[in-house]
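A.B. asks: Going line by line, the protein sequences match chains A and B. Oh and the first sequence: position 9 is 322 in my numbering, straight run, nothing missing. Oh and the second sequence: position 42 is 331 in my numbering, straight run, nothing missing. Think of the CB as a built atom: it goes at the ideal place given N, C-alpha and C, for glycine as much as any other residue. Note that this is a predicted model, so its numbers are computed, not measured. Quick one: structure below, then a few questions.
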Amino acid sequence: MRKLQTKLLAIRLGSGALVLPKDIKRIHMRFAPRIEGGHMGPRKFWHHELIRLKYHNPAVFMTIDRNARAEDPAVMSVHFTLPNPTPSSDSAASNPASLDSTTATDASLTERVSTIDMKHRTSSEILDELVRMTKAQAVEATAAEREELRLLEEQRVRSVRDSAKSAEVKARVKREKQLLEQARGDMAAQAA
Amino acid sequence: MAAPRYCPSCLCLAAPSSTLFRAAPRRPAFLPLTPRPSQQPLQLRAASLKPLKYRRKDGPVSQKRKKARTTFLVPDLKKAMQFSLVDAMRYLRASEVGRPPTSSKYELHIRLRTPKNGAVVRNRLRLPHPVKTDLRICVIAPADSPHGQAAKAAGAVIVGEEDVFLAIKDGRIEFDRCLCHTDSLPALAKAGLGRILGPRGLMPSAKTNTVVKDVAASVREMAGASEYRERFGVVRMAIGQLGFTAEEVQRNIRAFVEGVRRDMQGINDQTPKEVHEVVLSSTNGPGLSLDGTFGVAEVGVV
């Protein structure tokens with residue numbers, strides 16, 4: 314269970330554990346499948362920060378398009394709903410269908426899109442930029458979670474110590490065995 | 290700590306291993322004229338009787354070995370963390386973030402308390418919300434016969450006899466499953482397609498229930514059905530696409546577990562089995578043991 318606990322805590326807490334404001338509808342990222350040309354940060358952001366963002370904001374659509382080429386820009390677009398959207402029947406009808414696809418949709422009348430340039434930036438820089446843009450609230454660890462973290466850390470330290478100890482014992486046993494082998498070899502050589 | 294030093298002469302007495310003697314072949318033999326194979330045991334006995342004596346007392350090795358387990362190991366669920374369906378799905382959704390929605394699937398693993406030998410659970414099931422819907426089915430039956438028409442209506446992509454055989458011989462195999470009507474079986478056998486279809490697992494045969502009378506019903510059953518089978522005491526199956534709601538996944542899980550229960554009942558008299566644990570995971574996510582409750586769904590969650 315320790316492994317699972319660690320994994321789940323890593324999904325709940327850490328950098329990117331933010332609660333986004335209500336008016337954010339969707340976050341879309343577009344970057345290249347390979348890291349050359351400054352596309353490493355976006356990928357790291359996806360694998361670390363975006364997972365926590367999704368956990369704390371399950372209703373926000375988060376999509377990724379990795380069809381960009383290395384020389385293309387790496388862009389994150391954040392879609393906000395406008396406070397009083399203009400009633401438009403066709404955009405309202407077309408939106409829900411296109412939301413769950415991974416490809417980008419055209420900006421419609423009901424939303425405002427802001428973009429972040431992610432090229433040549435690390436994941437933490439991208440996160441800072443996102444926080445500045447959206448004014449997201451960081452999630453604090455609860456008392457129970459802090460206690461769980463402390464216990465896991467304690468176990469980790471103990472296991473490092475124990476593994477060092479047992480490695481020492483194993484090395485000693487191995488060395489004794491080797492010496493014994495050597496002595497036998499010497500005997501045979503003498504006898505020959 | 291320094292290793293203890295061994296006196297070579299003591300070593301010789303304490304451990305008269307055969308390697309020692311094999312390493313020293315040119316040593317003066319007791320009986321120089323006897324051939325080598327008979328010579329070695331003699332030397333062994335001369336060195337020491339002790340190891341042989343001990344071996345006899347212990348008995349054969351097979352008796353000492355622990356008896357092998359006859360059932361699969363099951364984890365103790367008292368220590369396990371268990372989750373409600375909604376909580377588990379929230380974690381899995383988070384770990385699947387940004388993946389193409391059609392590639393990620395929810396998977397269900399049902400661990401059974403079962404003996405290692407005996408019958409296994411194995412069946413085909415049509416889920417209330419099918420996971421894979423783009424299965425292309427070919428039906429071998431005359432296209433203008435009522436059976437052929439019915440199969441076409443039920444969703445078969447290719448229906449026919451001679452033209453289908455010709456297409457397959459040309460290498461155009463544009464289907465994932467192949468069914469055959471009982472009356473068309475002789476024609477199929479004559480066409481000699483076993484060489485082409487056999488290696489792909491597409492050749493219809495009565496053994497795999499792909500030679501049937503009611504073709505339309507089989508097509509309907511097959512179109513949304515998925516197969517499952519018990520392996521090492523666990524039945525696994527894809528249970529839903531990532532876009533499914535919690536209710537849809539719940540209905541699918543229910544149908545699957547019920548199906549497995551029914552299958553277990555059928556083979557209960559030979560091999561008793563019981564459901565031990567139900568685990569939900571996803572293509573890239575962790576496995577989370579379910580506690581059987583639904584949980585509280587948050588508003589606005591897809």
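Using the Cβ count rule (16 or more neighbours within 10 Å means buried), how would you classify E453/A?
C.D. replies: Counting from one through the first sequence, the residue named residue 453/A turns up at place 140. E453/A is exposed by the Cβ-count criterion.
A.B. asks: Rounded to whole angstroms, what is the Cα-Cα separation between H360/A and F374/A?
C.D. replies: Reading the first sequence from its first residue, position 47 is the one you call residue 360/A. Reading the first sequence from its first residue, position 61 is the one you call residue 374/A. If you take the alpha carbons of H360/A and F374/A, they lie about 16 Å apart.
A.B. asks: Below 8 Å on the Cβ atoms is my guess for A505/B versus M378/B; work out the distance and round it to an integer in Å.
C.D. replies: Stepping through the second sequence from its first residue, residue 505/B is reached at position 216. Stepping through the second sequence from its first residue, residue 378/B is reached at position 89. Not a contact, Cβ separation roughly 36 Å.
A.B. asks: Taking the alpha-carbon positions, what's the R540/B to I377/A distance?
C.D. replies: Counted from its first residue, the second sequence places residue 540/B at position 251. Counted from its first residue, the first sequence places residue 377/A at position 64. Cα-Cα distance, rounded: 29 Å.
A.B. asks: Pair every Cβ in the stretch 387–394 of chain B with every Cβ in the stretch 465–474 of chain B, then say whether three or more of these pairs are closer than 8 Å.
C.D. replies: Contact fails: fewer than three Cβ-Cβ distances are below 8 Å.
A.B. asks: Could you name the residues of the same chain whose beta carbon sits closer than 8 Å to that of R356/A, not counting the 5 residues immediately before and after it, in chain order?
C.D. replies: Here residue 356/A refers to the residue found at position 43 of the first sequence. The answer, listed in chain order, is F344 and I348.
A.B. asks: What does a CB cutoff of less than 6 Å around A527/B pick up in its chain, not counting 5 residues either side in sequence?
C.D. replies: Taking the first residue of the second sequence as 1, we reach residue 527/B at position 238. If we look at A527/B and ignore the five residues flanking it on each side, its Cβ neighbours are K394, E396 and V420.
A.B. asks: Please list the partners that A383/B has in chain A, where partner means a Cβ-to-Cβ separation under 7 Å.
C.D. replies: Translated into positions along the second sequence, residue 383/B becomes position 94. Near A383/B (Cβ distances below 7 Å), the residues of chain A are I324, I364, K367 and Y368.
A.B. asks: For V538/B, count neighbouring Cβ atoms within 10 angstroms of its own Cβ and tell me buried if that reaches 16, exposed if not.
C.D. replies: Here residue 538/B corresponds to residue number 249 of the second sequence, with the count starting at 1. So V538/B counts as buried.
A.B. asks: In the stretch 475–557 of chain B, which residue ranges form an unbroken alpha helix (DSSP H) of at least 4 residues, counting only runs that do not cross its ends?
C.D. replies: Entirely contained in the stretch 475–557 of chain B, the alpha helix (DSSP H) runs reaching 4 residues are, in chain order, 483–486, 504–512 and 535–555.
A.B. asks: Decide if R365/A is buried, meaning its Cβ has at least 16 other Cβ atoms within 10 Å, or exposed.
C.D. replies: Here residue 365/A is taken as the residue at index 52 of the first sequence, counted from 1. Classification of R365/A: buried, given that the 10 Å Cβ count is 16 or more.
A.B. asks: Please name the residues in the stretch 357–390 of chain B whose beta-carbon is closer than 7 Å to at least one beta-carbon of chain C, in chain order.
C.D. replies: Looking at the structure shown, chain C is missing, and the protein chains on hand are A and B.
A.B. asks: Is there at least one Cβ from chain A nearer than 7 Å to P419/B's Cβ?
C.D. replies: Looking up residue 419/B in the second sequence gives position 130. No, because no Cβ of chain A sits closer than 7 Å to the Cβ of P419/B.
A.B. asks: Suppose contacts are defined by Cβ-Cβ distances below 7 Å. Is T394/A in contact with K338/A by that definition?
C.D. replies: Your numbering for residue 394/A matches position 81 in the first sequence. Your numbering for residue 338/A matches position 25 in the first sequence. Against a cut-off of 7 Å, the Cβ pair of K338/A and T394/A comes out as a contact.
A.B. asks: Helix, strand or coil for G598/B per DSSP?
C.D. replies: One cannot answer for residue 598/B here, as it falls past the ends of chain B, which runs 290 to 591.
A.B. asks: Taking 7 Å as the CB-CB cut-off, is P575/B touching chain A?
C.D. replies: For the purposes of this step, residue 575/B is taken as the residue at position 286 of the second sequence. With 7 Å as the cut-off, P575/B counts as an interface residue toward chain A.
A.B. asks: Suppose the cutoff is 6 Å on Cβ atoms and the five residues either side in sequence are ignored; what does the same chain contact list for F358/A look like?
C.D. replies: Residue numbering aside, residue 358/A sits at position 45 when the first sequence is read from its first letter. Contacts found: S436 and I439.
A.B. asks: Measure the alpha-carbon distance for F464/B versus V410/B and round it to whole angstroms.
C.D. replies: As a first step, residue 464/B is located in the second sequence; it is residue number 175 there, counting from the start. As a first step, residue 410/B is located in the second sequence; it is residue number 121 there, counting from the start. Computed Cα separation, rounded: 28 Å.
A.B. asks: The beta strand (DSSP E) that contains L397/B, what's its start and end?
C.D. replies: What you label residue 397/B is simply residue 108 of the second sequence in a count that begins at 1. It spans K394 to R402 - the beta strand (DSSP E) in which L397/B sits, taken as one unbroken run.
A.B. asks: Find the residues of chain B that neighbour M375/A, judging by a C-beta separation of less than 8 Å, and give them in chain order.
C.D. replies: Indexing the first sequence from 1 puts residue 375/A at position 62. Those are V386 and G387, listed as they occur along chain B.
A.B. asks: Excluding the 5 residues flanking S507/B on each side, which residues of the same chain have their C-beta closer than 6 Å to its C-beta?
C.D. replies: For the purposes of this step, residue 507/B is taken as the residue at position 218 of the second sequence. L468 and V501, listed in sequence order.
A.B. asks: Between P386/A and the rest of its own chain, which residues show a CB-CB distance below 7 Å, the 5 nearest in sequence each way excluded?
C.D. replies: On the first sequence, residue 386/A is found 73 positions in, with the first residue counted as 1. Cβ within range, chain order: D430 and K432.
A.B. asks: Use the C-beta contact count for D419/A: other C-beta atoms within 10 angstroms, 16 or more gives buried, fewer gives exposed.
C.D. replies: Position 106 of the first sequence, counted from the start, is the residue given in the question as residue 419/A. Any reading at D419/A must be qualified, since the residue scores a pLDDT of 49, below 50, and its modelled position is unreliable; the value itself is stated next. When all chains shown are included, D419/A counts as exposed.
A.B. asks: Since I believe I556/B is in contact with A408/B (beta carbons under 8 Å), could you give me their beta-carbon distance rounded to a whole number of angstroms?
C.D. replies: Here the question's residue 408/B lines up with position 119 in the second sequence. Here the question's residue 556/B lines up with position 267 in the second sequence. Between I556/B and A408/B the Cβ distance is about 4 Å, and since that is below 8 Å, they are a contact.
A.B. asks: Can you pull the chain B residues whose beta carbon is under 7 Å from the beta carbon of M314/A, in chain order?
C.D. replies: Position 1 of the first sequence, counted from the first residue, corresponds to residue 314/A. Those are K368, A369 and M370, listed as they occur along chain B.
A.B. asks: For H352/A, which of T319/A, R485/A, L443/A and A381/A has the nearest alpha-carbon?
C.D. replies: Locating residue 352/A in the first sequence gives position 39, counting from the first residue. Of the listed residues, the one whose Cα sits closest to H352/A is A381/A.
A.B. asks: Can you confirm whether P371/A, when its beta carbon is compared against all beta carbons of chain B, has any partner nearer than 7 Å?
C.D. replies: Here residue 371/A refers to the residue found at position 58 when the first sequence is read from its first residue. Closer than 7 Å: yes.
A.B. asks: State the Cα-Cα distance for the pair L331/A and V391/A, rounded to the nearest angstrom.
C.D. replies: Position 18 of the first sequence, counted from the first residue, corresponds to residue 331/A. Position 78 of the first sequence, counted from the first residue, corresponds to residue 391/A. Going by the C-alpha atoms only, they are around 15 Å apart.
A.B. asks: Take the Cβ of A457/A as the centre, count every other Cβ of all protein chains shown within 10 Å, and call the residue buried at 16 or more, exposed below.
C.D. replies: Position 144 of the first sequence, counted from the first residue, corresponds to residue 457/A. Flag for A457/A reads exposed.
A.B. asks: How would you label K368/B, buried or exposed, when you count the other beta carbons within 10 angstroms and need 16 or more for buried?
C.D. replies: As a working mapping, residue 368/B is identified with position 79 in the second sequence. Exposed is the call here.
A.B. asks: Do the CB positions of R402/B and E563/B come within less than 7 Å of each other?
C.D. replies: Here the question's residue 402/B lines up with position 113 in the second sequence. Here the question's residue 563/B lines up with position 274 in the second sequence. Yes. Within cutoff.
A.B. asks: Can you check whether the C-beta of K320/A is within less than 7 Å of a C-beta belonging to chain B?
C.D. replies: Position 7 of the first sequence, counting from 1, holds the residue named residue 320/A. Yes, K320/A counts as interfacial toward chain B.
A.B. asks: Quick one: residues in its chain with C-beta nearer than 6 Å to the C-beta of L577/B, no 5 flanking neighbours on either side, listed in chain order?
C.D. replies: Here residue 577/B refers to the residue found at position 288 of the second sequence. If we look at L577/B and ignore the five residues flanking it on each side, its Cβ neighbours are F372, A377 and L569.
A.B. asks: So which residues on chain B does L317/A lean against when the C-beta distance must stay under 7 Å?
C.D. replies: What you label residue 317/A is simply residue 4 of the first sequence in a count that begins at 1. What L317/A touches in chain B: M370 and P575.
A.B. asks: Report the partner residues of D430/A according to the DSSP bridge assignment.
C.D. replies: Taking the first sequence and counting its residues from 1, one reaches residue 430/A at position 117. In DSSP, D430/A forms a bridge with V388/A.
A.B. asks: What three-state label does DSSP hand V564/B in the structure shown?
C.D. replies: Position 275 of the second sequence, counted from the first residue, corresponds to residue 564/B. Residue state, collapsed to three classes: strand.
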